[in-house]
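One structure is given below, encoded as structure tokens.
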Amino acid sequence: MKHLFLIVSLLWVFTSCSKKDEAPAVVINQPQLQVHFDEEHQFALTQGNNTLDASQYKWTSSNETVGTVDAAGKFSGNRIGETTITGTSADGKNRVESKVTVIPYVASFVKEPVLDFGNSKATVKSKETRTLVNENDNSLEYQAENTKLRGVGYIFQNAALIGSVLFLTQTNEVAQEAARYYAERYYTEMGDNEILVEISDKVIMGLVIDEEWGLCCIYLPANTSGGGRVAAKDLKQAFKGQYKPGKTNSIQLKQAFAAVRSRKQ
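With the sequence shown counted from 1, adding 162 to any position gets you the numbering used here.
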């Protein structure tokens with residue numbers, strides 16, 4: 163019995179010492195994080211009462227389109243969406259994660275038009291849910307669904323869709339909202355008199371002031387060889403000559419673009 167008591171006592175002492183010797187877990191300051199596309203966050207690490215140097219960890223982002231993280235653990239938003247930020251110690255023994263969601267400033271703007279370029283008028287009509295107000299051989303026009311729009315148009319050539327247009331309400335407020343809505347979702351850049359947007363590898367869009375149509379979004383095929391993504395340097399050339407630029411003293415697209423992008427500089 164005495165031997166059994168001695169064995170139990172020794173096991174308790176050994177277990178207690180082992181627990182005291184174990185290092186506390188490394189903790190990241192924000193295991194769940196929400197930011198906007200133009201915001202940053204510096205991750206911080208602690209171990210017990212000690213603050214660790216985040217630059218001693220290797221940092222990665224599972225989706226760099228959504229956001230990136232630098233060598234010091236600073237996260238920078240890029241597009242709305244989700245990504246997982248991981249920090250790993252040099253010896254690989256400690257690993258921390260943060261689930262980051264880049265949230266929008268503009269939750270909704272207007273419904274995108276049908277973008278099935280090359281398809282027939284019947285295909286567009288079957289997919290467009292707004293009310294048809296005008297139709298002729300080369301175009302369709304639909305009623306606006308909210309006060310930010312004046313209408314929606316589709317242009318056809320040889321019975322195939324070649325362009326889709328959102329006719330926006332012509333105010334600076336709508337122009338600024340549109341600029342922010344697209345910038346937090348897609349790659350954008352400023353052209354000569356238009357904000358250019360890479361919607362996908364197949365579609366480009368220009369937020370423009372057209373001579374005939376006023377403030378509008380003109381969607382066109384990307385015309386990339388081999389189906390690759392539109393290179394940033396090719397956006398301006400791809401859109402050049404596709405619309406008639408107009409002039410207005412009341413709507414300032416360059417200022418709208420600058421206001422949206424200034425915090426990302």
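Where is the CB? At the ideal position from N, CA and C, for every residue including glycine.
In DSSP terms, what residue 190 is bridged to: Per DSSP, 207.
Would you report the Cα separation of residue 203 and residue 270, rounded to the nearest angstrom? When rounded, the distance between both Cα atoms is 25 angstroms.
Taking three-plus beta-carbon pairs below 8 angstroms as touching, is the segment 190 to 207 in contact with the segment 231 to 244? Yes, the segment 190 to 207 touches the segment 231 to 244.
Between the CA atoms of residue 356 and residue 274 - distance to the nearest angstrom: Whole-angstrom Cα-Cα distance: 18 angstroms.
Run the CB neighbour count on residue 328, radius 10 Å, all protein chains shown included, and call it buried at 16 or more, exposed below. When all chains shown are included, residue 328 counts as buried.
Please tell me whether, using a cut-off of 6 angstroms, the distance from the CB of residue 205 to the nearest non-hydrogen atom of the ligand MG is below it. This structure simply doesn't include the ligand MG, nor any ligand for that matter.
Use the C-beta contact count for residue 286: other C-beta atoms within 10 angstroms, 16 or more gives buried, fewer gives exposed. Flag for residue 286 reads buried.
Can you give me the start and stop residues for the beta strand (DSSP E) that residue 312 sits inside? Under the DSSP assignment, residue 312 falls in the beta strand (DSSP E) whose first and last residues are 311 to 319.
Contact the segment 359 to 375 vs the segment 253 to 272: 3+ CB pairs below 8 angstroms: Flag = no, the segment 359 to 375 and the segment 253 to 272 do not touch.
Take every Cβ of the segment 365 to 384, pair it with every Cβ of the segment 405 to 422, and state whether three or more of those distances are shorter than 8 angstroms. Contact holds: three or more Cβ-Cβ distances are below 8 angstroms.
Taking buried to mean at least 16 other C-beta atoms within 10 Å of its own C-beta, is residue 288 buried or exposed? With fewer than 16 other Cβ atoms within 10 Å, it is exposed.
In terms of alpha-carbon separation, which member of 250, 188, 267 lies closest to residue 210? The candidate whose alpha carbon is nearest that of residue 210 is 188.
Flag residue 193 as yes if its beta-carbon sits less than 7 angstroms from any beta-carbon of chain D, otherwise no. No chain D appears in this structure, which consists of one protein chain only.
Using the C-alpha atoms, what's the distance from residue 305 back to residue 208? Rounded to whole angstroms, residue 208 to residue 305 spans 57 angstroms at the Cα level.
Decide if residue 295 is buried, meaning its Cβ has at least 16 other Cβ atoms within 10 Å, or exposed. Of the other Cβ atoms in all chains shown, fewer than 16 fall within 10 Å of the Cβ of residue 295; this residue is therefore exposed.
Whole-angstrom Cβ separation of residue 198 and residue 247, contact assumed at under 8 angstroms? Not quite, the Cβ-Cβ distance comes to about 16 angstroms (not below 8 angstroms), so this is no contact.
Tell me the residue span of the beta strand (DSSP E) that contains residue 244. Counting along the chain, the beta strand (DSSP E) containing residue 244 begins and ends at 243 to 251.
Does the distance from the C-beta atom of residue 342 to that of residue 272 stay below 7 angstroms? No.
Should residue 350 be labelled buried (16 or more other beta-carbon atoms within 10 Å of its own) or exposed? It is buried - the Cβ of residue 350 has at least 16 other Cβ atoms within 10 Å.
Residue interval of the beta strand (DSSP E) (run including residue 277): First-last for residue 277: undefined, no H or E at that position.
Buried or exposed, going by whether 16 or more other CB atoms sit within 10 Å of the CB of residue 282? By the neighbour-count rule (16 or more Cβ atoms within 10 Å), residue 282 is not buried but exposed.
Using beta-carbon positions only, say whether residue 348 and residue 360 come within less than 7 angstroms of one another. Cβ atoms of residue 348 and residue 360: closer than 7 angstroms.
Could you check what DSSP says for residue 196 in three-state terms: helix, strand or coil? Residue 196 carries a strand assignment under DSSP once its states are collapsed to helix, strand and coil.
Cα-Cα, which of 231, 228, 235 is closest to residue 217? Comparing alpha-carbon positions, the option among 231, 228, 235 lying closest to residue 217 turns out to be 235.
Quick one: grab the DSSP three-state call for residue 389. Since pLDDT at residue 389 reaches only 45, below the 50 mark, its modelled position is unreliable, and no value is offered.
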